[in-house]
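Note sheet for the following structure.
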Amino acid sequence: ATVVSVSEVAENCETVTAAIQAEGHSSSSHVADCTSYEECQKLAKAVMEQYGKVDVMINAGIHSALPMGFAKMTPEKWHESLNLNLHAHFNLIHAFLPIFQEQGRGNILHFTTLASNSSLGHGKQRHGYCAGKAAAAVLTRRIGIENCRNGVRGNVVSIGYASGPLVERAVTRAGADLSKVNAGRDENVPRGKQVTVEEVANVAAFLASDASSGINGAEIFVDGGGHNVGYGP
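Under this note's numbering, residues 92 to 324 are what the sequence shown spells out, in order.
Rendered as structure tokens:
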């Protein structure tokens with residue numbers, strides 16, 4: 092397989108591409124702002140010109156989760172959240188779905204979090220983020236249902252508390268104690284340990300493969316069981 096890594100920041104997609112190539116696999120990078128409909132169209136065109144087909148489109152859904160609490164929410168922040176968490180996904184689907192339909196084969200995966208399935212904790216939370224993620228998850232499943240007779244699937248990977256570079260960078264930028272933050276996050280998972288990026292990747296690889304051909308319009312939780320529990324002992 093050849094992986095085309097996409098980000099609006101060149102360093103991000105180039106880092107992923109370099110890591111894939113270092114393991115002896117084929118990969119390339121493409122800089123695009125997926126909140127722009129036009130840039131998503133250009134991305135799809137570039138990929139088709141270079142490779143002639145697309146098997147899977149995965150939206151990892153990197154986002155801005157701020158602000159915390161509705162009192163801090165402004166119309167500008169609300170629209171920013173929906174642009175990143177929902178509209179970008181629509182743009183990608185709108186660009187790649189016609190390719191899948193013409194091929195008679197395709198696979199759409201959307202990475203989301205528990206925020207698309209629950210209202211999270213008692214405290215102040217990320218309203219725009221939660222709303223955007225929930226809408227994008229339903230959109231993905233709906234696309235899968237409507238296009239499955241033409242060989243196109245759509246599934247959602249819902250990720251719980253996870254350890255990894257993304258969290259580590261955020262904690263470091265905030266000047267917090269990483270060990271204390273991870274200890275608190277571990278306690279939010281029934282098994283007492285956050286999921287790892289490898290565990291998420293294993294599920295994504297399965298859903299991207301023909302081995303999961305019977306799975307469509309589904310939301311698969313990779314959260315150590317977190318979506319099944321509420322508060323209390």
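For each residue, glycine too, the CB sits at the ideal point set by N, CA and C. These numbers were taken from a predicted model, which means no experiment stands behind them.
I'd like to know whether the C-beta atoms of residue i and residue j end up nearer to each other than 8 Å.
i	j	result
VAL248	VAL313	yes
SER254	GLN285	yes
GLY223	LEU183	no
PHE202	ASN238	no
VAL291	ILE250	yes
ARG196	GLY242	yes
VAL280	GLY315	yes
LEU177	ALA227	yes
Among the options, which one has its Cα closest to the Cα of residue i?
i	options	result
VAL107	ASN208, LEU257 and GLU278	LEU257
TYR220	TYR128, TRP169 and HIS185	TRP169
GLY143	GLN216, PHE187 and ALA109	PHE187
GLY245	ALA226, PRO189 and ILE306	ILE306
GLU114	GLU130, VAL100 and VAL94	VAL94
ASN198	SER98, ILE234, HIS121 and VAL291	ILE234
MET148	ASN293, THR287 and HIS185	HIS185
GLU310	GLU278, SER270 and ALA225	ALA225
SER117	ALA109, ASP124 and GLU259	ALA109
Please state whether DSSP places residue i in a helix, a strand or coil.
i	result
HIS318	helix
PRO324	Note that PRO324 scores a pLDDT of 43, beneath 50, so its modelled location is shaky; the value from the coordinates is reported in the next line. In this structure, PRO324 counts as coil in the three-state DSSP scheme.
SER207	helix
SER172	helix
GLY242	coil
GLY235	helix
GLY197	strand
Can you tell me where the alpha helix (DSSP H) holding residue i begins and where it ends?
i	result
GLN216	No alpha helix (DSSP H) holds GLN216; DSSP gives it neither H nor E.
ALA186	179-194
Legend entry - Segments assigned alpha helix (DSSP H), at least 4 residues, entirely inside the region 261-313: 269-278 and 288-299
Legend entry - Unbroken stretches of the alpha helix (DSSP H), 4 residues or longer, contained in the region 93-165: Within the region 93-165, the complete alpha helix (DSSP H) runs of at least 4 residues fall at 101-113 and 128-142.
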